[in-house]
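*Asks:* Here's a structure for you.
Structure representation (structure tokens):
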């Protein structure tokens with residue numbers, strides 16, 4: 017773990033111009049620099065770099081942030097790895113937590129396994145290029161598949177000699193230990209304790225991690241040897257460094273193209289990926305013939321929200337993969353499906369077409385997954401009522417995992433038309449399944465919480481993260497909390513995880529209240545610690561009020577909060593730090609925040625697109641936002657509160673119309689009470705705004 021002091025040293029040393037100019041040609045424009053954006057196909061310079069603020073920003077695609085964010089996005093690194101990258105660049109030593117002897121042993125073993133895999137990759141490549149059998153057998157096979165030499169080199173393809181122990185003997189001769197050859201799965205041991213090569217007589221496909229390390233291998237028997245062979249491919253077994261469910265073939269070579277195209281193509285095998293790269297389509301990964309797993313999906317989701325699954329038309333294979341696509345939907349991804357022409361798989365189709373023809377075909381023939389699945393299963397069900405019932409159940413299950421309510425509603429309407437059933441039937445079934453899933457997850461969280469409480473020693477109280485309360489080990493909330501000792505910092509009055517809103521998270525960016533919410537948060541990040549006005553206390557003395565204090569207490573006055581959980585977290589931290597740190601500067605604190613999501617968002621909020629023209633009159637006084645905080649912040653607050661209350665009331669009305677609510681009198685009464693409270697707040701806000709009219713719902 018990198019300590020905050022080291023992070024601060026890295027951030028102070030990392031000059032945004034130096035970092036970005038390693039990858040982008042920059043030209044001076046006023047006080048800033050500008051260049052072509054490296055994250056999308058930029059025709060005119062739209063990527064701005066501000067040395068004064070230490071920020072960069074593309075005003076076409078929106079990518080940007082501080083030096084760490086730029087390296088994270090460009091090199092596809094995690095936050096700690098990006099910090100290490102910059103530390104190496106500026107010669108800053110990172111002293112991380114001292115490892116225990118056991119941790120050192122595990123780390124040493126992992127590094128040893130990677131070193132052995134690296135040797136194996138180099139050995140197989142050398143055999144392919146320089147050994148007579150490698151050239152005449154292995155290279156001839158790759159050429160017969162249409163692979164160019166540069167593509168063979170790029171993917172580090174190789175060949176293992178048709179001898180049962182040639183690699184094992186060479187590795188032992190070079191001093192590599194037998195236990196690591198076995199643990200990586202490169203070799204196996206016979207009953208008479210002889211070491212044998214796992215991949216003998218096969219062409220080799222190395223599997224790379226996201227950072228480019230070789231973590232495993234796939235070996236394929238050659239075309240002339242496949243007769244009578246049941247398993248054409250042999251893959252490395254699971255090991256300390258390789259978990260098949262965590263890896264995607266080709267992700268190392270595809271990650272930047274995925275970000276740039278904002279789409280990932282998913283195929284099945286190694287050769288599909290390689291052929292598509294050769295044709296110019298590089299944003300492609302393979303699941304290596306297995307169903308998608310949650311870690312693989314999360315890896316893809318780091319780079320894009322859009323996925324197109326390419327099928328070769330095999331009905332059995334398509335049906336087998338449906339569950340994996342349901343997992344993609346659950347992750348909130350936008351999934352499309354494209355069927356290739358009969359007789360073609362991505363490998364053969366890519367060899368016949370260039371990148372533009374390939375992408376054009378996909379754009380013209382891809383369809384969203386729910387519609388595709390409905391039509392596919394509908395064709396199988398025919399007129400059989402039992403099969404149609406199963407079909408409806410399967411479609412409902414897929415729709416129910418989609419997190420966005422608007423998207424679910426659209427699919428429900430379309431599927432109801434395709435299946436010739438009433439909308440309300442699908443709505444009811446989807447609601448039931450989502451409710452059951454929510455209950456299951458709540459029970460799971462409760463079990464995990466109790467298990468964690470049971471593991472605690474030396475204390476009878478367990479803190480509940482993000483909830484601002486404590487619970488006894490038995491799970492019951494503590495009714496009363498003793499007042500804090502004198503001089504202690506008061507807890508933040510900003511609600512975090514326990515804030516309840518009827519407004520859905522999806523689609524919020526288009527709503528007016530969210531625009532105001534972002535603008536208020538921008539004031540907090542830029543000027544949070546600045547004094548914006550003075551107020552009289554109970555004794556009649558004036559005291560200064562900062563932007564953060566004003567925003568927090570103004571929201572608290574009407575029992576409101578920011579809608580976005582990340583915004584609430586930022587405001588809560590800002591308030592806590594303001595009270596506990598005399599020299600707190602909001603912008604610096606959040607730009608160097610250890611949570612990359614927070615630092616990235618605050619980097620966007622702190623950045624300025626426009627600078628004053630050098631031709632601007634020196635005699636003309638420009639009033640800055642900082643100079644008019646006393647009027648700007650209150651105006652934003654009133655507009656935000658009115659907008660969010662109005663939006664909340666609309667969604668509460670929809671909630672009150674839910675038939676299930678009629679059977680829950682307590683919840684119904686609570687909701688009506690809250691509705692009336694918000695109506696009063698809305699009326700008050702309307703009076704303050706002056707030109708608003710409160711409509712009856």
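Residue numbers (our numbering): 17 to 713. Using N, Cα and C, we set each Cβ at its ideal position, and we do this for glycine too.
1) Using the C-alpha atoms, what's the distance from residue 571 back to residue 95?
2) Quick one: give me the first and last residue of the alpha helix (DSSP H) that residue 47 is part of.
3) Quick check on the burial criterion: 16 or more other C-beta atoms within 10 angstroms. Buried or exposed for residue 304?
4) If you draw a straight line from the C-alpha of residue 25 to the C-alpha of residue 108, how long is it?
5) Please classify residue 666 as buried or exposed, where buried requires at least 16 neighbouring CB atoms within 10 angstroms.
6) For residue 302, which three-state DSSP category applies?
7) Using the C-alpha atoms, what's the distance from residue 417 back to residue 450?
8) Taking the alpha-carbon positions, what's the residue 300 to residue 348 distance?
9) On the three-state DSSP scale, how would you describe residue 560?
10) How many Å lie between residue 445 and residue 387 at the Cα?
11) What residue does the alpha helix (DSSP H) around residue 186 start on, and which one ends it?
12) Helix or strand or just coil, what does DSSP make of residue 108?
13) Can you confirm whether the segment 88-102 touches the segment 143-159 when touching is taken to mean that 3 or more C-beta pairs between the two stretches lie within less than 8 Å?
14) So, under 8 Å CB-CB, residue 607 and residue 142 are touching, yes? Tell me the CB distance rounded to an integer number of Å.
15) So that I know if they touch, is there some Cβ in chain D lying closer than 8 Å to that of residue 407?
16) Answer yes if the segment 352-364 comes into contact with the segment 280-295, meaning at least three C-beta pairs across the two stretches below 8 Å, and no otherwise.
17) Counting only runs that start and end within the segment 117-152, where is the alpha helix (DSSP H) found for 4 or more residues in a row?
18) Using a Cβ-Cβ cutoff of less than 8 Å, which residues in the same chain neighbour residue 374 once the five nearest sequence positions on both sides are dropped?
19) Out of 37, 125, 127, which has the shortest C-alpha to C-alpha gap to residue 90?
20) Give the range of the beta strand (DSSP E) segment to which residue 236 is assigned.
21) Going straight from the alpha carbon of residue 278 to that of residue 427, what length do you get?
22) Using 10 angstroms around the beta-carbon of residue 391, count the other beta-carbons present and answer buried if the total reaches 16, otherwise exposed.
23) Apart from the five residues on each side of it in sequence, which residues of its chain come closer than 6 Å, Cβ to Cβ, to residue 350?
24) With burial defined as no fewer than 16 other Cβ atoms inside 10 Å of the residue's Cβ, what is the status of residue 174: buried or exposed?
25) Tell me residue 550's beta-bridge partners as DSSP assigns them.
26) Would you please state the rounded distance, in angstroms, between the beta carbons of residue 568 and residue 561? I believe it to be under 8 Å.
27) Where does residue 220 fall in DSSP's three states?
28) Would you mind sorting residue 39 into buried or exposed? The rule is 16 or more other CB atoms within 10 Å of its CB.
29) If you run the structure through DSSP and keep just helix, strand and coil, what is residue 640?
30) Judging by CA-CA distance, which residue of 368, 33, 462 is the nearest neighbour of residue 86?
31) Residue range of the alpha helix (DSSP H) that residue 166 falls in?
32) Report the rounded CA-to-CA distance for residue 692 versus residue 577, giving the unit in angstroms.
33) Which whole-angstrom value describes the C-beta separation of residue 614 and residue 594, a residue pair presumed to lie in contact below a C-beta threshold of 8 Å?
34) Mapping DSSP to helix, strand and coil, what is residue 66?
35) On the three-pair Cβ rule with 8 Å, is the segment 183-199 touching the segment 124-136?
36) Just to confirm my understanding: we take residue 238, look at its own chain, exclude 5 residues before and 5 after, and list those with CB closer than 6 Å. What are they?
*Replies:* From the atom records:
1) One-based indexing of the chain shown puts residue 95 at position 79. One-based indexing of the chain shown puts residue 571 at position 555. Looking at the two C-alpha atoms, the distance is approximately 33 Å.
2) Your numbering for residue 47 matches position 31 in the chain shown. No alpha helix (DSSP H) holds residue 47; DSSP gives it neither H nor E.
3) For the purposes of this step, residue 304 is taken as residue 288 along the chain shown, with counting starting at 1. That one is buried.
4) Sequence index remark: in the chain shown, residue 25 carries index 9 (1-based). Sequence index remark: in the chain shown, residue 108 carries index 92 (1-based). The alpha-carbon atoms of residue 25 and residue 108 are separated by roughly 8 Å.
5) Translated into positions along the chain shown, residue 666 becomes position 650. Answer is exposed; the Cβ neighbour count stays below 16.
6) To locate residue 302, count along the chain shown from 1; it is residue 286. Residue 302 falls in the strand class under three-state DSSP.
7) Sequence index remark: in the chain shown, residue 450 carries index 434 (1-based). Sequence index remark: in the chain shown, residue 417 carries index 401 (1-based). One C-alpha to the other measures close to 7 Å.
8) What you label residue 300 is simply residue 284 of the chain shown in a count that begins at 1. What you label residue 348 is simply residue 332 of the chain shown in a count that begins at 1. Approximately 19 Å between the Cα atoms of the pair.
9) As a position in the chain shown, residue 560 is number 544, starting the count at 1. Correct three-state label for residue 560: strand.
10) For this step, residue 445 is matched to residue 429 along the chain shown. For this step, residue 387 is matched to residue 371 along the chain shown. Rounded to whole angstroms, residue 445 to residue 387 spans 18 Å at the Cα level.
11) Here residue 186 corresponds to residue number 170 of the chain shown, with the count starting at 1. Segment 182-189, the alpha helix (DSSP H) holding residue 186.
12) Here residue 108 corresponds to residue number 92 of the chain shown, with the count starting at 1. Of the three classes helix, strand and coil, the one that applies to residue 108 here is coil, per DSSP.
13) no
14) Counting from 1 along the chain shown, the entry for residue 607 is found at position 591. Counting from 1 along the chain shown, the entry for residue 142 is found at position 126. The Cβ separation is near 47 Å, so there is no contact.
15) The chain inventory of the structure shown lacks chain D, comprising one protein chain alone.
16) yes
17) 117-146
18) The count along the chain shown starts at 1 and reaches residue 374 at position 358. Only 292, 295, 296, 297, 365, 366 meet the Cβ criterion.
19) Numbered from 1 along the chain shown, position 74 holds the residue referred to as residue 90. The shortest C-alpha separation from residue 90 is found at 37.
20) Position 220 of the chain shown holds residue 236. Residues 230-237.
21) To locate residue 278, count along the chain shown from 1; it is residue 262. To locate residue 427, count along the chain shown from 1; it is residue 411. Looking at the two C-alpha atoms, the distance is approximately 23 Å.
22) For the purposes of this step, residue 391 is taken as residue 375 along the chain shown, with counting starting at 1. Label assigned to residue 391: exposed.
23) Residue numbering aside, residue 350 sits at position 334 when the chain shown is read from its first letter. So the qualifying residues of the chain are 321, 322.
24) Here residue 174 refers to the residue found at position 158 of the chain shown. It counts as buried.
25) Here residue 550 corresponds to residue number 534 of the chain shown, with the count starting at 1. In the DSSP output, where bridge partners are listed per residue, residue 550 has 560.
26) Residue 568 sits at position 552 when you count from the first residue of the chain shown. Residue 561 sits at position 545 when you count from the first residue of the chain shown. 10 Å between Cβ atoms; not a contact.
27) Start at 1 with the first residue of the chain shown, and residue 220 comes out as number 204. Three-state result, residue 220: strand.
28) In the chain shown, counting from the first residue as 1, residue 39 sits at position 23. Answer is exposed; the Cβ neighbour count stays below 16.
29) Numbered from 1 along the chain shown, position 624 holds the residue referred to as residue 640. It is coil, neither helix nor strand.
30) Here residue 86 refers to the residue found at position 70 when the chain shown is read from its first residue. Of the candidates 368, 33, 462, the one whose C-alpha sits nearest the C-alpha of residue 86 is 33.
31) In the chain shown, counting from the first residue as 1, residue 166 sits at position 150. That run of the alpha helix (DSSP H) goes 165-170.
32) Mapped onto the chain shown, residue 692 falls at position 676. Mapped onto the chain shown, residue 577 falls at position 561. Going by the C-alpha atoms only, they are around 18 Å apart.
33) Here the question's residue 614 lines up with position 598 in the chain shown. Here the question's residue 594 lines up with position 578 in the chain shown. Incorrect: roughly 16 Å between the Cβ atoms, too far for contact.
34) Numbered from its first residue, the chain shown carries residue 66 at position 50. It is a strand residue.
35) yes
36) Residue mapping note: residue 238 aligns to position 222 of the chain shown, counting from 1. Hits under 6 Å: 157.
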